[in-house]
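Engineer: First residue of the sequence shown: 1, per the working numbering; consecutive thereafter. Here it is: the structure, laid out below.
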Amino acid sequence: MGEEVKLFAVWASAFSQRVEIALKLKGVEYEYFEEDLQNKSDLLLKYNPVHKKIPVLVHNGKPIAEAMARFWAKFIDEKCMPALFKCAGTEDREKAVEEACELLKLLENELKDKKFFGGENIGFVDIVADFIGGYWLRDFQETVGLKILTKEKLPKLCEWSNEFVNHVVIKEKLPPRDKLIAFFQSRFGPKS
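This is the structure:
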């Protein structure tokens, strides 16, 4: 059986058109699914569960891995990291922690039953998530007095974090904890 490629898109979207043009130029046959953005299909929600936007390119039942890896990397950098730093503020801290946990839960769901986001080996998303998996988030939490990444709230992400920091290459590259804590204290600790 041949390759199965599906494109979930909207005819009026320039972003969708980019994907269609690339597929046509490469001679890739695909099945087109026109989406109603006011009433999104279950398949669109399945393949793009966070932003629920188009276009989504699916190959043999799976969203394109490279696109998904870039998507999750952007999600970590643009959503998770700012939400985590927002927790250090004193205004409405409880709400900020709740929002950060919701974002991390979405990320955690991507682990499914895998050891790393990349499967059995560390991949691009794991590396981008080093702030969460390395010492940074743990020491940040300790410095500002928060509990975000806990076994109770995010068990799979905690398990992943443990695997990540204990990988031989990661261990070698992590900054010294005492220096990292001092850094966070200088940035986020109590002001005299």
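The beta-carbon is built from N, C-alpha and C at its ideal position, and this holds for glycine as well.
Considering Cα atoms alone, identify which of Glu31, Val165, Val125 and Phe164 is closest to Val58.
Structural biologist: Of Glu31, Val165, Val125 and Phe164, the residue nearest in Cα terms is Glu31.
Engineer: How about Phe75 and Asp126: are their beta carbons less than 8 Å apart?
Structural biologist: In this structure, Asp126 does not lie closer than 8 Å to Phe75 by Cβ.
Engineer: Would you tell me roughly how many angstroms separate the C-alpha atoms of Glu110 and Lys153, rounded to the nearest one?
Structural biologist: Their Cα atoms are separated by approximately 16 Å.
Engineer: For Leu37, which residues of its own chain have a beta-carbon under 7 Å away from its beta-carbon, when the five flanking residues on both sides are left out?
Structural biologist: Cβ neighbours of Leu37 beyond the five flanking positions: Val10.
Engineer: Expressed to the nearest angstrom, what Euclidean distance is found between the alpha-carbon atoms of Asn121 and His167?
Structural biologist: Going by the C-alpha atoms only, they are around 10 Å apart.
Engineer: Do Glu142 and Ile170 have their beta-carbon atoms positioned less than 8 Å apart in this structure?
Structural biologist: For Ile170 and Glu142, no; Cβs fall outside 8 Å.
Engineer: Below 7 Å CB to CB, which residues in the same chain sit around Met81 once its five sequence neighbours on both sides are set aside?
Structural biologist: Excluding residues within five positions, the ones whose Cβ falls inside 7 Å are Phe131.
Engineer: Using the three-state DSSP reduction, which class does Pro49 fall into: helix, strand or coil?
Structural biologist: Three-state result, Pro49: coil.
Engineer: Ordered along the chain, which non-local residues of its own chain (more than five positions away) have a Cβ less than 7 Å from that of Lys6?
Structural biologist: Taken in chain order, the residues that qualify are Tyr30, Glu31, Phe33 and Val58.
Engineer: Identify whether Glu94 lies in helix, strand or coil by the three-state DSSP scheme.
Structural biologist: Glu94: helix per DSSP, three-state reduction.
Engineer: Between Phe8 and Val56, what straight-line distance do the alpha-carbon atoms span, to the nearest angstrom?
Structural biologist: Distance between the alpha carbons of Phe8 and Val56: 5 Å.
Engineer: By the DSSP assignment, the beta strand (DSSP E) with Gly34 in it spans what residues?
Structural biologist: In the sequence on display, residue 34 carries Glu and not Gly. Taken as a continuous stretch (DSSP letters only), the beta strand (DSSP E) holding Glu34 covers Glu31 to Glu34.
Engineer: Whose C-beta lies closer than 7 Å to the C-beta of Glu35 among residues of the same chain, with five residues either side of it excluded?
Structural biologist: Excluding residues within five positions, the ones whose Cβ falls inside 7 Å are Phe8, Ala9, Val10, Ser41, Leu44 and Ile54.
Engineer: Return helix, strand or coil for Gly119, following the three-state DSSP convention.
Structural biologist: Gly119 falls in the strand class under three-state DSSP.
Engineer: Where do the ends of the alpha helix (DSSP H) carrying Leu57 lie?
Structural biologist: Unbroken run through Leu57 is the beta strand (DSSP E), Val56 to His59; no alpha helix (DSSP H).
Engineer: Are the Cβ atoms of Leu84 and Ile148 separated by less than 8 Å?
Structural biologist: Result yes, Cβ atoms of Leu84 and Ile148 sit closer than 8 Å.
Engineer: Report the residue from Glu91, Val144 and Val128 whose alpha carbon sits nearest the alpha carbon of Gln185.
Structural biologist: Selected option, being the one with the closest Cα: Val144.
Engineer: Using the Cβ count rule (16 or more neighbours within 10 Å means buried), how would you classify Leu25?
Structural biologist: Exposed: under 16 other Cβ atoms inside 10 Å.
Engineer: Give the secondary structure of Lys105 by DSSP, where H, G and I count as helix, E and B as strand, and everything else as coil.
Structural biologist: DSSP places Lys105 in helix when its eight states are reduced to three.
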